[in-house]
Structures are given as structure tokens and as C-alpha cells.
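Asker:
In the working numbering, the protein residues as written are 309 to 439.
#1: For residue 432, does the three-state DSSP call read helix, strand or coil?
#2: Taking the alpha carbon of residue 349 as the reference point, which residue from 402, 382, 361, 431 has its own alpha carbon closest?
#3: Can you tell me the Cα-Cα spacing of residue 416 and residue 404, whole angstroms?
#4: Counting pairs of beta carbons, one from the stretch 384 to 401 and one from the stretch 350 to 363, are three or more of them closer than 8 Å?
#5: Please classify residue 270: does DSSP put it in a helix, a strand, or coil?
#6: Cα-Cα, which of 431, 351, 326, 432 is closest to residue 411?
#7: In three-state DSSP terms, what is residue 315?
#8: Determine, using beta carbons only, whether residue 314 and residue 407 come nearer to each other than 7 Å.
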């Protein structure tokens, strides 16, 4: 009798629907954020390969650094480190546009001209794009 008077069945169904709706929204938002993060990290990793190759140059001992003074070793390290660090941070800044370029580059239906235009779009100023 009290359940019917307070209409608890209707309230329960309404709260249950609202909770389900809220859960779906939060889950989709979480998945979207995670996918965006993974995409950016993937782009940075792909272009970070350049840095890996550059630092591998030091490790291959192409230039004999065993006989040089410590100051020259540190200088050589900084000559390699500074551009690699700059390139890494620059890649992070441009990661969204670079990922768009990689999408176009991997599309087999896109012409080479359109792929080249997509490459140029990485550095073009776009006022209506939110990055």
C-alpha cells in the first residue's frame, strides 16, 4: 500500500534510467578521451623515430669520441640532443594535424596531389580549427 501511495516503482524506473544514461555518457566520454590520447601518442611515436635514429648515431660510434675531452663529448651530445628535443616538442604541438596527414597518407583512394596538399596543411594557419 505504501509503495503504491509513494509511487516507488515509477521513481525507481526513472532513477534507473537516469543512472544508465549518465553511465553511458561518462563511458563514451572516457573512451573518446582515451582514443584521442592514444592517437596523439601514436603520432608522436611515429615521428619520434627520427629522434631514435639520431641518438642511435651516437651509439653506433660513427664518430670516435673515446679520445676526445669530456667537454667535446658533452658538446657533441648537446648538438644532437637539442634538435631532437625541439623536434619532439614540435611534433607534440602539431600532433593533431600530423595525425590528419597520416590518415590521408594511408588512404589508398587519395591521389598523390591530395596527399601532398594534406602535408602542406600541417603548417597552414586555420582559424576555424580548434587544436
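Virtual Cβ for every residue (Gly too), placed ideally from N, Cα, C.
Answerer: This is what the structure gives:
#1: For the purposes of this step, residue 432 is taken as residue 124 along the chain shown, with counting starting at 1. Coil at residue 432, not helix or strand.
#2: For this step, residue 349 is matched to residue 41 along the chain shown. A check of alpha carbon separations from residue 349 across 402, 382, 361, 431 identifies 402 as the nearest.
#3: The count along the chain shown starts at 1 and reaches residue 416 at position 108. The count along the chain shown starts at 1 and reaches residue 404 at position 96. If you draw a straight line from the Cα of residue 416 to the Cα of residue 404, it comes to about 21 Å.
#4: Because the criterion of three Cβ pairs below 8 Å is met, the stretch 384 to 401 and the stretch 350 to 363 touch.
#5: Since the displayed the chain opens at 309 and closes at 439, residue 270 lies outside it and no answer follows.
#6: The residue given as residue 411 occupies position 103 in the chain shown. Checking every option, the nearest Cα to that of residue 411 belongs to 351.
#7: Translated into the one-based positions of the chain shown, residue 315 becomes position 7. Residue state, collapsed to three classes: coil.
#8: Reading the chain shown from its first residue, position 6 is the one you call residue 314. Reading the chain shown from its first residue, position 99 is the one you call residue 407. Cβ distance not < 7 Å, so residue 314 and residue 407 don't count as in contact.
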